[in-house]
Amino acid sequence: MQYRPTEIEPKWQQRWAEARVAEIDVSAPGDKLYMLNMFPYPSGDLHVGHGRNYILGDAVYRFFRMRGLAALNPMGWDAFGLPAENAAIKRGTHPREWTLGNIGRMKKQFARWGILYDWSKEIASCEPEYYKWNQWLFLQLYKRGLAYRGTAPVNWCPQDQTVLANEQVIDGRCDRCGATVEQRELSQWFLKITEYADRLDAGLDTLEHWPEKVKLMQRNWIGRSRGADVDFTVPALNKPIRVFTTRPDTIFGATFMVLAPEHPDVATLIAEHPEREELEQWITGVRNQSNLERQEAGKEGRFTGKFAVNPFTNEEIPIWLGNFVLPQYGTGAIMSVPAHDQRDFEFARQYKLPLRLVVRPADGGDTPNVDDLTEAFTFKDETGRAVNSGLLDGLTVPKAIDRIIDEIERRGIGKGTVRYRLRDWLISRQRYWGTPIPMIYCEQCGLVPVPEEQLPVTLPLDVPFTGREGNPLAKHEAFVNVTCPQCNAPAKRETDTMDTFVDSSWYYARFITPRDGTKIFDSSLVNRWLPVDQYIGGIEHAILHLLYARFITRTLHDMGLVEFEEPFTRLFNQGVITKEGYKDAHGSWVSPTEVTWRDEKPYRGEEPLTAEVTKMSKSRLNVVPPDELIEKYGADTERVYTLFIAPPEKEAAWSDEGVIGAFRFLGRVWHMGVQLAELREGSGDPSKVIRKMHQTIDAVTRRIERFEFNTAISSLMELSNAIGEALAGGTDPIGVRQAYEALLQLLHPFAPHVTEELWTMFGHEGFVLTSTWPTANPELMQEDTVVVAVQVNGKLRGQVEVPSPPEEQLVMERVRGSEKIRQWIEGKDVIKVIYVPGKLVNLVVKG
RNA sequence: GCGAAAGUGGCGGAAUUGGCAGACGCGCUGGACUUAGGAUCCAGUGGCCCAAAGCCGUGUGGGUUCGAGUCCCACCUUUCGCACCA
């Protein structure tokens, strides 16, 4: 009987679905376990690279189930977003149709992979029954002052015709389409994530089971800095200018001040400037540049002609404008200490501004001459000591910081502060396919929230998609023109939609009561099932989704809706799957079907191509579609190979040849099963294979718990090899069968279909899935004999075999009796014997 | 520039607390069965050496130790993240 996966896999997929094996009653009592794969954007067809994420999750889920846990494993769709709208513009299909079509195809693909989700909990964020609660959440945030409309310089993507959050700008480019982002001053909707900066930062310390890397990335993104706000009086203004500095200890070295061109006092300061017009032109020019352009331009500045007074030296210091001072950070104004800050140093050298040294090496090392410096002389810690700084002289940097903050506060000219790099979350999008923001503009009443009982504000479906002239919603008369809920006067509806990251920032709570039309979720059930015990998804969400979700969870906590503050207890980020792709001279990707090989180099006709191993993706034309693979080898083979290929957190290179190894392995398991089901003969001692079975149960259990699927599978291959040897050696079939059935159970999370088939072949009722995970007997794992390695002066010189458990005396007797080892110690003094129980003996000899 | 992680055969990768480096798999070589093999099965496979014995071998150089892939110091390379955040 041949192993034909295509004949057995659909059958089991159907049986699991019919038995609704993954459906969980959340109100039933008992232990809970909530595991979750990040819900996907329904972009279309899934390839084997996507498969890694879901296959991994399913293996873990099946493992939990076999250990008797009522694990909840739901799935849904992050169904709003730009690609649907772009597809509509390009092909004329409605975003909704396009999205639902993709969802249908992806669901089928999940089924073909043998993945079990509780589909009774399915949600799609583009459905009114879901996004109604998005709008409701927005209104609660608005009520608490956490959602606001504000004018700020924002990132505008000219390609996608919308604004973007800071988190969505990568190297100055749109993370969706790659177009260079422009700065624009626009009025937009923001969520006040900055109000939670301290809690989001502090909370990272409680996330013991998150990858350090992700926590570090979030910490850097939040960018907490301790320092001080200090007022510098400005005679030309009738008020001081406040600066923020993390190095208040260097204030005696502050020889000038620099303001961002956007600073509110700039206009007054330059009002009387003799070259005001030229200066204003320069300011406008800088303001229109993006951060990236400013950096590329190098440091540029202009003197305002006015001065500020350094509160500690009482000197008048010039006030400059500088393109390197960021308006959004701190107060948009800095005190410049060119001797001890690299940026200030560069600026001072460029414009010939004075430097003053106020920190010297604490260890008494040489203090350089200010004029000889080639770079700023920075000291952040105890390595620096204040000098030329009046009351601070002689103090180390940390002590000087504390001392000067005391003094600043005593004099009432500022205070110690903590600042964050994090900025508020811009959630407006000038696009159609998203959750409408439930706000109304009334000429009489101003901004009016849509009353909760009128939710949802339904996204109209009858709009044209031209790809021109902005958001199509704005042209939908019936949507835009409303009456004011307060005064009944004609009013206009907000036409911006929400960033889809709002949808995904709380969906994990909705899975508990997905159909409840009366509330966002049931707090008591959510408090029972959440936080998510095991969250699985890509590292690309390290900041975006995971930070937003942590923020929204805290707001829900503060509203009294949930008891916890962190939504995900354990986080696992799987690595991407890579494959070779081919590029032509213009950098365009070339389909592998066009590639020919000569001298082991790729060509398209006569044109040489370059090969590059990159992330598997449609745009790089290097995807492996699962359909052919499943047709040829089966889903179980793809599953086993995907998990065997590399440690799951690592990047892994897909190899078409490698797949065959997994297929052969399952084929051998199959053939052994067929053989064993009939076998009656054999009388050999099965203790060896039974021992291997116990060792494997122990190893596989530990390895799955630690997400070491690649080595878990390799131990299963070892067990299968041992069973094969036992069969060939005429071992008693009862013992071999016992080991084989354990193999089927241990293999089930990885290869669910073939194990179910063989399980029934062995006469079992019910699924392997609902059987009990085997347990290892530590006593039966012990070997009868132990091979002890013998080293002489650390070099391996032989081995001795002794009965288990090994006794040192007997081991030494055997060592002395071994001719092979004797030659290395003959005529020498053994001065020391190091015995590592059961493993090795090392003889230290001399002479 | 700052921060983090990682360097092991032809390849993917193994190696509790320092204790027999290269598990498991791919590929390759030889063989079996075959009209045939891209199917399957068996054997071999880090390097030097015909082979054995032996020696060498985990990015480079040093150190600690009876013993180092693992610990310490310096360096090199690669990948990732942040990037004028005062």
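The opening position of the first sequence corresponds to residue 366 in this note's numbering, with each subsequent residue numbered one higher.
Just so it is clear, CB atoms sit at the ideal spot from N, CA and C, and this is done for glycine as well.
These numbers come from a predicted model, not from an experiment.
Do residue i and residue j have their C-beta atoms closer together than 8 Å?
i: residue 745; j: residue 762; result: yes
i: residue 597; j: residue 676; result: yes
i: residue 671; j: residue 684; result: yes
i: residue 793; j: residue 553; result: yes
i: residue 787; j: residue 1062; result: no
i: residue 1146; j: residue 1059; result: yes
i: residue 990; j: residue 479; result: no
i: residue 626; j: residue 551; result: no
i: residue 863; j: residue 802; result: yes
i: residue 988; j: residue 974; result: no
i: residue 942; j: residue 417; result: yes
Per DSSP, which one or two residues make a beta bridge with residue i?
i: residue 867; result: Paired residue(s): none; residue 867 is not in a bridge.
i: residue 703; result: Its beta-bridge partners do not exist; DSSP assigns none.
i: residue 750; result: 725, 761
i: residue 943; result: 980, 1018
i: residue 853; result: In the DSSP output, where bridge partners are listed per residue, residue 853 has none listed.
i: residue 811; result: 807
i: residue 791; result: 555
i: residue 592; result: 782
i: residue 892; result: Residue 892 is not bridged to any residue.
i: residue 796; result: Its beta-bridge partners do not exist; DSSP assigns none.
What's the C-alpha gap between residue i and residue j?
i: residue 674; j: residue 607; result: 12 Å
i: residue 546; j: residue 996; result: 44 Å
i: residue 443; j: residue 797; result: 15 Å
i: residue 727; j: residue 758; result: 12 Å
i: residue 717; j: residue 617; result: 19 Å
i: residue 969; j: residue 1019; result: 23 Å
i: residue 848; j: residue 858; result: 9 Å
i: residue 880; j: residue 391; result: 13 Å
i: residue 593; j: residue 704; result: 19 Å
i: residue 1011; j: residue 1017; result: 6 Å
i: residue 1091; j: residue 1101; result: 7 Å
i: residue 1122; j: residue 460; result: 41 Å
i: residue 666; j: residue 922; result: 46 Å
i: residue 419; j: residue 1005; result: 13 Å
i: residue 1034; j: residue 1041; result: 10 Å
i: residue 533; j: residue 559; result: 17 Å
i: residue 1198; j: residue 1173; result: 10 Å
i: residue 679; j: residue 721; result: 15 Å
i: residue 434; j: residue 428; result: 9 Å
i: residue 1205; j: residue 1194; result: 19 Å
i: residue 1189; j: residue 1080; result: 37 Å
i: residue 1135; j: residue 1113; result: 11 Å
i: residue 660; j: residue 725; result: 31 Å
i: residue 424; j: residue 573; result: 23 Å
i: residue 860; j: residue 1108; result: 59 Å
i: residue 690; j: residue 791; result: 22 Å
Segment contact, 8 Å Cβ cut-off, at least three pairs: the stretch 768–776 with the stretch 825–844: no
At least 3 beta-carbon pairs within less than 8 Å: the stretch 872–892 vs the stretch 437–455: yes
Touch test, the stretch 911–922 against the stretch 945–960, Cβ-Cβ under 8 Å, three pairs minimum: no
Start-end ranges of the alpha helix (DSSP H) lying completely within the stretch 1008–1045, minimum 4 residues: 1023–1043
Any 3 or more C-beta pairs closer than 8 Å across the stretch 489–500 and the stretch 901–911: no
Cβ contact check for the stretch 808–827 and the stretch 498–506: 3 or more pairs under 8 Å: yes
In chain order, each alpha helix (DSSP H) run of at least 4 residues that lies wholly inside the stretch 659–733: 707–715
The stretch 384–399 in contact with the stretch 1000–1009 per 3-pair CB rule at 8 Å: no
Unbroken stretches of the beta strand (DSSP E), 3 residues or longer, contained in the stretch 489–577: 512–522, 527–529, 547–556
Alpha helix (DSSP H) segments (min. 4 residues) lying fully within the stretch 1079–1162: 1098–1112, 1117–1126, 1143–1146
Inter-stretch contact (C-beta, 8 Å, three-pair minimum) for the stretch 1125–1141 and the stretch 1081–1099: no
Unbroken stretches of the beta strand (DSSP E), 3 residues or longer, contained in the stretch 956–998: 961–963, 966–969, 975–980
Validate contact between the stretch 569–583 and the stretch 530–550 using beta carbons, cut 8 Å, 3 pairs: no
3-residue-minimum beta strand (DSSP E) runs that sit fully inside the stretch 380–458, ordered along the chain: 398–402
Three-pair Cβ contact test at 8 Å for the stretch 451–465 versus the stretch 889–904: no
The stretch 1042–1059 touching the stretch 1093–1108, judged by at least three CB pairs closer than 8 Å: yes
Given 8 Å, three or more beta-carbon pairs between the stretch 1161–1169 and the stretch 1182–1192: yes
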